[in-house]
Amino acid sequence: MTEKTIWQVWSENTEKAPDSDAIIHWKAGEEPFRWKKSELLETAAKFSALLKRNGIKRDQVCAIIIRHHHLFYPLYMGIVGLGAIPAVLAYPNPRLHPDKFRQGIIGMSQRSGLDFIFTEKELEPIISPLIKSSTIKGLHYPMEWDLNQEIPSAEMDELTAARAEINPADPILLQHSSGTTGLQKPVLLSHSAVIQHVEYYSKSIELGEADKIVSWLPLYHDMGLIAAFHLPLTFGIPTIQIDPFEWVIAPVLQLEAITAEKATICWLPNFAYNLMADKIFDDELESVNLASLRQVINCSEPVRAESHRRFIERFVPYGLNSTALATCYAMAETTFAVTQSKPGEAPKQVYADREMLKQGKLKLIDDPSQARICVSSGHVIEGCGVKIVGDNREELSSDSFGEIAISSVSMFDGYRNYPEKTAEVLSDGWYYSGDYGFMKDGECYVIGRKKDIIIVAGKNIYPEDVEDTVSKVEGVLPGRVIAFGIDDEALGTEVVCVIAESNITDEKEKKELRMRILQATLANDETVGRVYIVPPRWLIKSSAGKPSRKANRERIDEQKEFLVV
Amino acid sequence: MISDKLKNAILKELKLDDFKIEDETKANQIPGWDSLNHINVITAIEKDYGLRFKAIEVLKCKNIGDLQKLVDSKQNK
Chain A
0 MTEKTIWQVW SENTEKAPDS DAIIHWKAGE EPFRWKKSEL LETAAKFSAL
50 LKRNGIKRDQ VCAIIIRHHH LFYPLYMGIV GLGAIPAVLA YPNPRLHPDK
100 FRQGIIGMSQ RSGLDFIFTE KELEPIISPL IKSSTIKGLH YPMEWDLNQE
150 IPSAEMDELT AARAEINPAD PILLQHSSGT TGLQKPVLLS HSAVIQHVEY
200 YSKSIELGEA DKIVSWLPLY HDMGLIAAFH LPLTFGIPTI QIDPFEWVIA
250 PVLQLEAITA EKATICWLPN FAYNLMADKI FDDELESVNL ASLRQVINCS
300 EPVRAESHRR FIERFVPYGL NSTALATCYA MAETTFAVTQ SKPGEAPKQV
350 YADREMLKQG KLKLIDDPSQ ARICVSSGHV IEGCGVKIVG DNREELSSDS
400 FGEIAISSVS MFDGYRNYPE KTAEVLSDGW YYSGDYGFMK DGECYVIGRK
450 KDIIIVAGKN IYPEDVEDTV SKVEGVLPGR VIAFGIDDEA LGTEVVCVIA
500 ESNITDEKEK KELRMRILQA TLANDETVGR VYIVPPRWLI KSSAGKPSRK
550 ANRERIDEQK EFLVV
Chain B
0 MISDKLKNAI LKELKLDDFK IEDETKANQI PGWDSLNHIN VITAIEKDYG
50 LRFKAIEVLK CKNIGDLQKL VDSKQNK
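Protein chains in written order, with numbering that gives the first Met the number 0: chain A, 0 to 564; chain B, 0 to 76.
As structure tokens, then:
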């Protein structure tokens, strides 16, 4: 168990190299804003003082909803420095209906006990109605605060003394693991969990003082917050932060940042490999040099061999070392990583018989034409343990196919205010991940999920949410809808499909119904890729009387005439 | 004013029969135009017009009206 708090670690890092870069805030078409360690920590301390003046107290949960801004980082650190708990929430996508956004925050606040929201003035009309309908006590606009004012030394001394009272076992941050709308699961992590994770995980990726992280990952996601923000800040190396909204429009931004800053490590969800390989054109790559990259770590979506192949083929001519591609298996509940492939070695691949996998069995074969290529997520990192279990959580031999259960020194203590959900997944120190996979030669292969979650571009979408929305669309028979994900090899991720029962038979009216379904789901920030309109009583019901996702998904494969385009 | 050519390029790529697209319409208000599809839509427009946009030029477009202006300025060069 570590005996330091994160603030102490940040202070020690600053003392060692006050003038070195901590965070390079990247903005398209502008000079990056560079936070030196000393300036960053001083500004964070100032934020702590201003937060205190605004009535924020130790242990209160402070949600941050701010789009890519250079003041985000010292604000977050200032909350930590006060002993309060930062919780980064997603900035509302403009397509998301304000009611849906508020519904999500209300749901979160009931579990997480959000006390304050720190946001931008622009979001006031959307967020202010929440004050009366949730646990939220107030809204603050920290970008408007006067950071040039002097804070009296007595006030700063008081803060320093209060900071010394913070215990390493105290909570440092709150993350939200995925869940259906309004039911995201709050994960509270302690200072020691994060520090220990940084210690063990940095060993597994052989992190050194010369490393430089580059990331466009949103900071409300564990991969962005822990891997690309806490890890470098705690280890004392720089991180380059790119706006996720800008990256998705111009993915070349990341390559420009790598070239300019000689960045060495990044984490990417699988779809990003396809997007970057297929959608960045030669003329944008003229001055790109990726020779500095020593690890590009695939995490948070199932790893696809084809995506790695495309990425290597596209970028080796621009200096990428093909062995830089790496893999990791991670989740918010264990702070972040559980397994990691070895640096400098291409992740292993094995071929699993596709038909056997459909029956929930594992048979490794030599013929790739009949196989699903399974890419290893690497060895279990120090401080973690993995076992494969069956339907009744009985331990199976490690090369069997089953649910992946994890133990970790950086394990969360349970979902905040959600004992029933905690009891479902946490037992005797093991976290039951809901992911299916197997172990081979000490390496972990993750190949499926117990639940029907659809992962689109790293974002978890719950079919229930899509089905609820589509059920309410005029022309759809209520409750007679199923949603599921299918693999899109070209995109390197899944697309959402919907099968809806309707009395409509006219082809023109079916197209109008499809448009209504697309617009309804759009307002929930869910993009539906395929819509099938089927006649009443077409959907097969499960024994519980509800339309079965699995059975109907298989049925529609053979009856593609119901696809409406 | 959004030209029929630009509107049709967008609708065709997103497989939409029709959708009202005006100067103030934002990409994310058009069904199917999400972050994953964004580059496909831009590529389809580039192909239809025989043009190439720089990523930074597209980033500066706040709505479809701005995209139309970008297309027009490239065509007039």
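Just so it is clear, CB atoms sit at the ideal spot from N, CA and C, and this is done for glycine as well.
- When secondary structure is reduced to three states using DSSP, A/T526 falls in the coil class, being assigned neither helix nor strand.
- At least one C-beta of chain A is nearer than 8 angstroms to the C-beta of B/I38.
- For B/N7, the closest Cβ of chain A is not nearer than 8 angstroms.
- Taking every protein chain shown into account, the CB of A/A163 has fewer than 16 other CB atoms within 10 angstroms, so this residue is exposed.
- A check of alpha carbon separations from A/V388 across A/I454, A/N12, A/Y435, A/W537 identifies A/Y435 as the nearest.
- When C-beta atoms of the stretch 225-232 of chain A are compared with those of the stretch 404-412 of chain A, fewer than three pairs fall below 8 angstroms, so the two segments do not count as touching.
- Taking CB atoms only, B/K14 has a neighbour in chain A less than 8 angstroms away.
- Chain B places a beta carbon closer than 8 angstroms to that of A/K278, counting this residue as a contact.
- Between the stretch 61-72 of chain A and the stretch 275-283 of chain A there are fewer than three inter-stretch CB-CB distances shorter than 8 angstroms, so the stretches are not counted as touching.
- For the stretch 192-225 of chain A, the set of positions with a beta-carbon nearer than 9 angstroms to some beta-carbon of chain B is empty.
- The three-state secondary structure of A/A163, taken from DSSP, is helix.
- Under the rule that a run must span 3 or more residues, the beta strand (DSSP E) segments found entirely inside the stretch 8-60 of chain A read 20-25, 32-35.
- Residue burial annotation: A/P128 is exposed, with fewer than 16 other C-beta atoms found within 10 angstroms of its C-beta.
- When A/V494, A/G377, A/E463, A/I503 are compared, the shortest CA-CA separation from A/G441 is found for A/G377.
- Identification of chain A residues near B/I44 by a Cβ-Cβ cut-off of 7 angstroms yields none; the smallest Cβ-Cβ distance measures about 14 angstroms.
- Residue-level contact check: B/D22 does not touch chain A, since none of the beta carbons of chain A fall below 8 angstroms from its beta carbon.
- Within the stretch 257-288 of chain A, complete alpha helix (DSSP H) segments of at least 4 residues are found at 269-278, given in chain order.
- The straight-line gap separating the alpha-carbon atoms of A/L254 and A/V315 is approximately 13 angstroms.
- For A/L356, the uninterrupted alpha helix (DSSP H) segment begins and ends at 353-357.
- Using beta-carbon distances, A/R94 counts as an interface residue toward chain B, with a partner under 8 angstroms.
- DSSP, reduced to helix, strand and coil, places A/E442 within a strand of the structure shown.
- For A/R371, the secondary structure class from DSSP, reduced to helix, strand or coil, is strand.
- In the DSSP assignment, A/K184 falls outside any alpha helix (DSSP H) and within the unbroken beta strand (DSSP E) covering 184-189.
- At a cut-off of 8 angstroms between beta-carbon atoms, B/Q67 makes no contact with chain A.
- Among the residues facing chain A, B/S34 is included, as its CB has a counterpart in that chain under 8 angstroms away.
- At a cut-off of 8 angstroms between beta carbons, B/G64 makes no contact with chain A.
- The stretch 550-560 of chain A makes no contact with the stretch 517-527 of chain A, as fewer than three CB pairs between them are under 8 angstroms.
- Taking a beta-carbon distance threshold of 8 angstroms, A/M514 counts as an interface residue toward chain B.
- Between B/L35 and A/L490, the C-beta gap is smaller than 8 angstroms, which places the two residues in contact.
- The beta-carbon of B/N27 is placed less than 8 angstroms from the nearest beta-carbon of chain A.
- Neighbourhood of B/L58 in chain A, by CB distance below 8 angstroms: A27, G28, E245, I248, A249, in chain order.
- In chain order, P30 make up the part of chain B whose C-beta sits under 7 angstroms from the C-beta of A/L521.
- A/I116 and A/L81 do not touch by the CB rule: their CB atoms are close to 16 angstroms apart, not below 8 angstroms.
- For B/I55, a Cβ of chain A is located within less than 8 angstroms of the residue's own Cβ.
- When secondary structure is reduced to three states using DSSP, A/S201 falls in the helix class.
- Here the alpha carbon of A/F270 sits roughly 29 angstroms from the alpha carbon of A/K510.
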